[in-house]
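In the working numbering, each number is its position in the sequence shown, counted from 1, plus 72.
Heads up: the structure comes next, in structure tokens.
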Amino acid sequence: MIQDLLYRALRWAALVGAAFVVLSIVLVMLLRHVPVYGSMVMLERKVEAWVAGESLPIQHQWRPWEELSDHAKLAVIAAEDQRFAVHRGFDVDEMRRAWEASRNGSRLRGASTISQQTAKNLFLWTGRNWVRKGFEAWFTVLIEALWPKQRILEVYLNIVEWDQGVFGLEAAGQHYFGISADRLNEVHASRLAAILPNPRAWSASRPGPHVERRSQWIRQQMRNLGGARYLEELAAN
Numbered sequence: 073m074i075q076d077l078l079y080r081a082l083r084w085a086a087l088v089g090a091a092f093v094v095l096s097i098v099l100v101m102l103l104r105h106v107p108v109y110g111s112m113v114m115l116e117r118k119v120e121a122w123v124a125g126e127s128l129p130i131q132h133q134w135r136p137w138e139e140l141s142d143h144a145k146l147a148v149i150a151a152e153d154q155r156f157a158v159h160r161g162f163d164v165d166e167m168r169r170a171w172e173a174s175r176n177g178s179r180l181r182g183a184s185t186i187s188q189q190t191a192k193n194l195f196l197w198t199g200r201n202w203v204r205k206g207f208e209a210w211f212t213v214l215i216e217a218l219w220p221k222q223r224i225l226e227v228y229l230n231i232v233e234w235d236q237g238v239f240g241l242e243a244a245g246q247h248y249f250g251i252s253a254d255r256l257n258e259v260h261a262s263r264l265a266a267i268l269p270n271p272r273a274w275s276a277s278r279p280g281p282h283v284e285r286r287s288q289w290i291r292q293q294m295r296n297l298g299g300a301r302y303l304e305e306l307a308a309n
């Protein structure tokens with residue numbers, strides 16, 4: 073009897089696992105080609121507001137690659153993931169440095185790549201538990217295998233959170249500077265990238281000393297990466 077129940081449980085678990093794998097692959101393949109009009113983080117923010125008895129209008133407009141500022145593309149790479157063009161979803165060197173720094177007594181810092189952040193923001197909930205990290209790794213592998221690098225960055229720039237209820241580069245440009253995503257200059261872009269570690273507390277239009285110093289550092293890193301030449305290399309991946 074117990075063996076029969078165990079067999080049935082394992083069988084159902086295998087079926088559920090197989091269904092999840094197939095459906096997630098189909099979903100990621102579909103999203104390679106169609107605009108992304110929402111994300112799990114947007115849904116999570118709406119639910120949080122509803123539970124708190126508050127209203128949270130979501131500001132979000134999808135913009136294709138050609139309508140996203142090249143300065144912004146380069147700025148988020150310079151700020152978040154300078155080996156984006158060459159890694160396959162996980163920056164092992166950065167992860168090792170973060171781990172070694174934590175062992176030496178420093179605060180454990182994030183080492184997530186743009187690919188990991190895209191997977192997390194699009195498909196999953198926020199948090200740091202191991203279950204979510206496992207799903208994040210799975211979806212990171214999928215998007216790296218099924219999407220070109222340009223598509224990963226395009227989706228990231230369209231769904232990343234830039235303030236309370238503000239998602240994506242178009243909404244961020246309008247929210248902070250009153251301009252569309254394709255008109256953001258180097259300074260605008262570097263300030264937007266600078267607030268990504270804490271977008272609901274920091275402002276791109278009214279940057280404090282820390283954000284301003286970080287945005288200046290980002291602009292220097294953008295030049296070090298080679299500017300527009302880096303984006304041309306990215307298009308080839």
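Every residue gets a Cβ at the ideal spot worked out from N, C-alpha and C, and that includes glycine.
From a predicted model like this one, the values you see are computed outputs, not experimental measurements.
Selection from the options that minimises the alpha carbon distance to residue i
i, options, result
"residue 228", "210, 251, 195", "195"
"residue 293", "134, 75, 154, 112", "154"
"residue 133", "119, 109, 126", "109"
"residue 127", "136, 117, 164", "117"
"residue 129", "280, 113, 236, 273", "236"
"residue 113", "189, 281, 107, 251", "189"
"residue 224", "297, 94, 160, 271", "160"
"residue 115", "233, 87, 79", "233"
"residue 107", "90, 137, 82, 206", "137"
"residue 296", "86, 281, 93, 149", "149"
Residue i - DSSP class collapsed to helix/strand/coil
i, result
"residue 239", "strand"
"residue 75", "helix"
"residue 234", "strand"
"residue 131", "strand"
"residue 178", "Only weak support exists for where residue 178 lies, its pLDDT of 49 falling under 50; the coordinates are left without a value."
"residue 287", "helix"
"residue 282", "helix"
"residue 137", "helix"
"residue 185", "coil"
"residue 109", "coil"
"residue 158", "coil"
"residue 198", "coil"
"residue 262", "helix"
Environment of residue i [buried if 16+ CB atoms lie within 10 Å]
i, result
"residue 122", "exposed"
"residue 286", "buried"
"residue 258", "buried"
"residue 278", "exposed"
"residue 241", "buried"
"residue 119", "exposed"
"residue 198", "exposed"
"residue 284", "exposed"
"residue 91", "exposed"
"residue 135", "buried"
"residue 243", "buried"
"residue 298", "exposed"
"residue 271", "buried"
Cβ distance (whole Å) where residue i is taken to contact residue j below 8 Å
i, j, result
"residue 214", "residue 98", "With 8 Å as the limit, residue 214 and residue 98 do not qualify as a contact, their Cβ atoms being about 10 Å apart."
"residue 144", "residue 256", "5 Å"
"residue 147", "residue 253", "Actually they do not touch by this definition, with Cβ atoms about 12 Å apart."
"residue 226", "residue 102", "Their Cβ separation, rounded to whole angstroms, is 15 Å, which puts residue 226 and residue 102 out of contact at 8 Å."
"residue 163", "residue 300", "Wrong, their Cβ atoms sit about 23 Å apart, outside the cutoff."
"residue 201", "residue 231", "About 22 Å; that fails the 8 Å criterion."
"residue 216", "residue 187", "6 Å"
"residue 239", "residue 75", "With a Cβ gap of about 50 Å, residue 239 and residue 75 do not count as contacting."
"residue 104", "residue 219", "5 Å"
"residue 221", "residue 157", "6 Å"
Same chain, Cβ closer than 6 Å to residue i, neighbours up to 5 away in sequence not counted
i, result
"residue 276", "248, 263, 264, 267"
"residue 84", "none"
"residue 125", "none"
"residue 302", "none"
Residues of its chain near residue i, where Cβ-Cβ distance is below 8 Å and the 5 sequence neighbours each way are ignored
i, result
"residue 178", "Its pLDDT being 49, under 50, residue 178 is placed unreliably in this model, and the value from its coordinates should be taken loosely. Same-chain partners within the cutoff: there are none."
"residue 288", "262"
"residue 326", "Not covered by the structure: residue 326. The range shown for the chain is 73 to 309."
Own chain residues within Cβ distance below 7 Å of residue i, not counting five before or after
i, result
"residue 151", "265, 266, 268, 290"
"residue 191", "208, 211, 212, 215"
"residue 204", "196, 197"
Closer than 6 Å: residue i CB and nearest the ligand FAD heavy atom
i, result
"residue 275", "This structure lacks the ligand FAD; in fact it carries no ligand of any kind."
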